[in-house]
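In the numbering used here, the protein residues as written are 14 to 763.
Next up, the structure:
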């Protein structure tokens, strides 16, 4: 693996440079097209693509009958998603940002119908019943998508087309009083097609107070303006209510109280209203030229409570699990216009595009109760109604991007991408009456090639980049909060990532069975990324200040392999395997907090009284493995049609052990989970269809943790509910998997 960088660079050089040997073209491989797009999936094709790309059809999602998107994405090599409850999912690719677990951005661009989607929680909520396709691009993808595409992009297209004409009804029930209801009506004629769908998912949840409800109303209308152009309007409105994540503190509480009756999540009672609206115009200017125009708006209004109350205003301990101190109200609007023009040809194809964004983020929070953070008589009282934050950030992006694809030699296609982003941030604080602004100019690129070894096998290679611009909070923390413990750093630079990749994809026949395969080796380097000078989620010593700086470094190396047999046969299978080695290459200043963070600072950890003091133990974490990145991950399925209309499927999802923390003190055991699905479908009355299914997840009731994370000493049942001055597996936050889960349902289409 240590030769991966040179191998990938050599691969790109060979694929891009063989062209100039003067060898005449012996044959034509057809018209070259630019399939890359940030707007639509109508150009989908892997042939000639220089990057590792995975695609999942909406039909596959529908037939899987899953409750959350994580159950679908676990079959994609390279994905390391984090699922909590209620459909919340944070998507990571190739280990990037796995060390962070609060509300940070995921390092992956998520785009739905051309709309870049970022929710305030850092997670993404997607209507599983409204997916036409999912495309996953791995490696730095800012050359197309701009900010935060450090490790790739997930592009989701919602349902559309004349095939949705008619009516559809669905209902599902399952464990923990899970229920789903769906109704859809569609219409199509020679001039247009349209559909409207409403659905509701709800569950009491396995964990205490983990009930959730999600209501969706979505639809799409497509008008065929003439033989060469169409206009599409789409929308999705949703309301989601979700309570506890089900977190517990330490392995003792996880064993004794897996449903978190005594647990206290840091944030709860989420009330989220989302709205997505877009209009896309497409025109085939000629047989080889196409124009796409897209305008969109995405609204996110999120309310929740945070920071459990530990003490009353008189210093009396609080044990009520519903007592919280902070009320948060966030509103954000993301709107923009994009345009792409592409042209195809026998030896050259190109795309030129513009991306204009105008985003606003409004943050408001206040205290809900009178309280103190410490029982000490010196601790000041915080009063209910006190506004703690009231600010607004405007983000304006002006970007140009493009792609050049050409065939300089027989069977060789070379691809060059470039993007330029101008990002302007304007911050206004309504409490401190201040205004701050900052802007960045960032270039991103990809250089790749695809060589057709034969008609059914391609070798591909690429080098690509990603970036993330600093946030206002990172740039001006000390200016925004002058009495806080974090200093400003207006000189922060955008983070950068470089991905190198070499792969082989193709089709073949073995034993009379057709197979598709794709295998790639990669290295993703992220240098000088932004982190706190005292380490992730730590604090500085009393009287000192931390600062966000470009000081972090990480590297991911690995192999991704996928294999799929012919799904038209009575028996078929899929295999998805990931080898991943993610580690910190620069992490010199981590301060491990031991003891009671709310009490007195002691500079000497050897004399620490953990009940009344805290200390900071300096550590160099360079070379440590990034948390929550298993070295091996295997997902495989076997499917069988025993009789007309019947499909039986079995799935195994397994990964090896991983670390729950950056210090690599705490290792979480490996696990293997078996899932089974039975489906029966039949037609009646002409083209009417009925389908029934039964799905069992975690068939053998395997005990494991959905999430495991921690960064400092704390108080938990395993330590007598007081800090003990030691950081171990009693200090990590855990979410226990609910075990065996059954879901059954029926659908009618007519």
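Glycine included, C-beta positions come from ideal geometry on N, C-alpha and C.
Only a predicted model underlies this, so the values are computations on that prediction, with no experimental measurement involved.
Check, Outcome
"Residue range of the unbroken alpha helix (DSSP H) whose run includes residue 660", "Per DSSP, residue 660 belongs to no alpha helix (DSSP H); it is in the beta strand (DSSP E), 659-668."
"Three CB pairs or more closer than 8 Å across the region 300-313 and the region 120-133", "yes"
"Residue burial classification, residue 321 (beta-carbon count within 10 angstroms, cutoff 16)", "buried"
"Whether residue 507 touches residue 624 by CB criterion (8 Å)", "no"
"Span of the alpha helix (DSSP H) around residue 156", "155-158"
"The region 576-593 in contact with the region 365-375 per 3-pair CB rule at 8 Å", "no"
"The region 182-194 in contact with the region 148-166 per 3-pair CB rule at 8 Å", "no"
"Distance, residue 195 Cα to residue 542 Cα", "44 Å"
"Which of helix, strand or coil DSSP assigns to residue 91", "coil"
"Three-pair Cβ contact test at 8 Å for the region 729-745 versus the region 246-254", "no"
"Segment contact flag, the region 550-570 with the region 579-591, C-beta cutoff 8 Å, min 3 pairs", "no"
"Coil, strand or helix - residue 732 by DSSP", "helix"
"Inter-residue Cα distance where the pair is residue 666 and residue 675", "25 Å"
"From 385, 343, 304, 313, residue whose alpha carbon lies closest to that of residue 352", "304"
"Segments assigned beta strand (DSSP E), at least 3 residues, entirely inside the region 183-249", "191-201, 205-216, 225-239"
"Stretch pair the region 291-304 + the region 330-348: three plus CB contacts closer than 8 Å", "no"
"Runs of alpha helix (DSSP H) wholly within the region 608-639 (minimum 4 residues, chain order)", "none"
"Contact set for residue 751: own chain, Cβ-Cβ below 6 Å, skip 5 residues either direction", "219"
"Residue range of the unbroken alpha helix (DSSP H) whose run includes residue 83", "83-86"
"Pair within 8 Å by beta-carbon distance, residue 473 and residue 521", "no"
"Cβ shell of residue 635 (< 7 Å), same chain only, five flanking positions each side left out", "597, 598, 599, 600, 601"
"Residue burial classification, residue 468 (beta-carbon count within 10 angstroms, cutoff 16)", "exposed"
"Bridge partners - residue 115, DSSP secondary structure assignment", "DSSP output for residue 115 lists no bridge partner at all."
"Counted within 10 angstroms of its Cβ, other Cβ atoms place residue 231 as buried (16 or more) or exposed", "buried"
"Where the alpha helix (DSSP H) containing residue 492 begins and where it ends", "490-493"
"Backbone CA spacing between residue 173 and residue 611 [nearest angstrom]", "54 Å"
"Close Cβ partners of residue 444 (< 6 Å) along its chain, the five nearest in sequence each way excluded", "403"
"Contact set for residue 350: own chain, Cβ-Cβ below 6 Å, skip 5 residues either direction", "308, 369"
"Contact set for residue 650: own chain, Cβ-Cβ below 7 Å, skip 5 residues either direction", "586, 587, 662, 663, 664"
"Closest Cα partner of residue 464 within the set 505, 763, 422, 448", "422"
"Stretch-stretch touch, CB-based, cutoff 8 Å, three pairs: the region 452-460 with the region 427-436", "yes"
"Alpha-carbon to alpha-carbon, residue 476 and residue 26", "With a pLDDT of only 40 at residue 26, under the threshold of 50, the placement of this residue in the model should not be trusted, and no figure is reported."
"Three-way DSSP call (helix, strand, coil) for residue 14 in this model", "Annotation note: pLDDT 42 at residue 14 (below 50); position unreliable, coordinate value reported separately. In this structure, residue 14 counts as coil in the three-state DSSP scheme."
"Inter-stretch contact at 8 Å, needing at least 3 Cβ pairs: the region 267-285 / the region 232-243", "no"
"Contacts around residue 691, its chain only, beta-carbon distance under 6 Å, and the 5 residues preceding and following it disregarded", "661, 707"
"Separation of residue 604 from residue 629, as counted between CA atoms", "5 Å"
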